[in-house]
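Below you'll find the structure, written out as structure tokens, and then a few comments.
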Amino acid sequence: MVQAPVNRLHASSRSGSRSVLHFSPQFPSLVRMVVIFALSAFLSACNTSAIYQDDSYNPPVYWGQHVVKRGETLYSIAWRYGRDYRELGNANGITSPYLIREGQVLRLDLRGTVTTTGQTGSVASSSGSAASRPAARPPVSRPPAPVQQPVVTRPPVSSGAQADRTQVVSNIEWRWPHPGTVIAGYSTTGKVNKGLDIAGNSGDQIRAAASGSVVYAGSGLLGYGNLIIVNHNEHFLSAYAHNRNILVQEGQNVQAGQVIAELGSSGTDRPKLHFEIRKNGNPVDPAQYLPPR
Numbered sequence: 001m002v003q004a005p006v007n008r009l010h011a012s013s014r015s016g017s018r019s020v021l022h023f024s025p026q027f028p029s030l031v032r033m034v035v036i037f038a039l040s041a042f043l044s045a046c047n048t049s050a051i052y053q054d055d056s057y058n059p060p061v062y063w064g065q066h067v068v069k070r071g072e073t074l075y076s077i078a079w080r081y082g083r084d085y086r087e088l089g090n091a092n093g094i095t096s097p098y099l100i101r102e103g104q105v106l107r108l109d110l111r112g113t114v115t116t117t118g119q120t121g122s123v124a125s126s127s128g129s130a131a132s133r134p135a136a137r138p139p140v141s142r143p144p145a146p147v148q149q150p151v152v153t154r155p156p157v158s159s160g161a162q163a164d165r166t167q168v169v170s171n172i173e174w175r176w177p178h179p180g181t182v183i184a185g186y187s188t189t190g191k192v193n194k195g196l197d198i199a200g201n202s203g204d205q206i207r208a209a210a211s212g213s214v215v216y217a218g219s220g221l222l223g224y225g226n227l228i229i230v231n232h233n234e235h236f237l238s239a240y241a242h243n244r245n246i247l248v249q250e251g252q253n254v255q256a257g258q259v260i261a262e263l264g265s266s267g268t269d270r271p272k273l274h275f276e277i278r279k280n281g282n283p284v285d286p287a288q289y290l291p292p293r
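The UniProt record's numbering numbers the first residue of the sequence shown as 1 and each following residue consecutively.
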């Protein structure tokens, strides 16, 4: 008996090569197009462009837990989840200088009091054992707190280079971290950008925008490449992303204008500096703080 042709889709693999899809001649063209479209959509989802520009990335998180990984700091974890580092520390019984350890479990739901115990990274909550706690609630969407316009004090412009101009805002003397052209501004709608993208050449000097202490220097935050976070006071942090080389260490005090990194393209597709300022954990427009050009 002669069997009717059967449509087949199978995968074969060879040593050292990827699997290859083969279509039988009888495979319907419509089904073939559907499969190709699905594969294209999957590959598009693997795009590694800078994730901080994605509207769905890094939203404030108000529930769940985070297990501390090697190289992370409380500041970088708070930055990742869009939280104020002081709130996160207080909720987990961590006080200044906000030291954490690998394997420690941090509660992201900031309601109630939490204390950390032991060296295993376990978390003990005043609300009872994990077994007696209700199931985790879905994420709570909270409207962002209204951001007051900063009070600006502009000193007279000297005859020095434009890159040396400073501006006092919220009692901090700010300056541009790099003299390059701004190629993408701060935006909360459309293509979201939580800071400024500044063009430059690989190896250019990146300078601290204000005096402070380095609270994170590493590459553990997805989409930022080699990243530096500087704490200026209890309210303000600044960040410098995509560096080629980091020239400072965590815990180091830096002065405004001090060279802290070399511009690069780590975590992105071209040499540039991504610069952010955050107030109480929330991104703000750096153009409101930096001196006019």
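All C-beta atoms in this analysis are idealised placements derived from N, C-alpha and C, irrespective of residue type, glycine included.
Item, Value
"For V215 and Q249, the rounded distance between their alpha carbons", "8 Å"
"In DSSP terms, what K272 is bridged to", "A199, G264"
"DSSP state of S187 mapped onto helix, strand, coil", "strand"
"6 Å CB neighbourhood of R278 in its chain, flanking five on each side removed", "L237"
"Assigned secondary structure, Q65 (DSSP; H/G/I helix, E/B strand, else coil)", "strand"
"Residue from W174, E173, A199 whose Cα sits closest to the Cα of A184", "A199"
"According to DSSP, residues forming a beta bridge with V182", "I198"
"Residue from G264, A217, A239 whose Cα sits closest to the Cα of N201", "G264"
"Nearest-angstrom Cα separation, counted from T189 out to S266", "25 Å"
"Beta-carbon gap between Y289 and V182 smaller than 8 Å", "no"
"S159 in three-state terms, based on DSSP", "Confidence at S159 is low in this model, with a pLDDT of 37, below 50, so the placement of that residue is unreliable and no value is reported for it."
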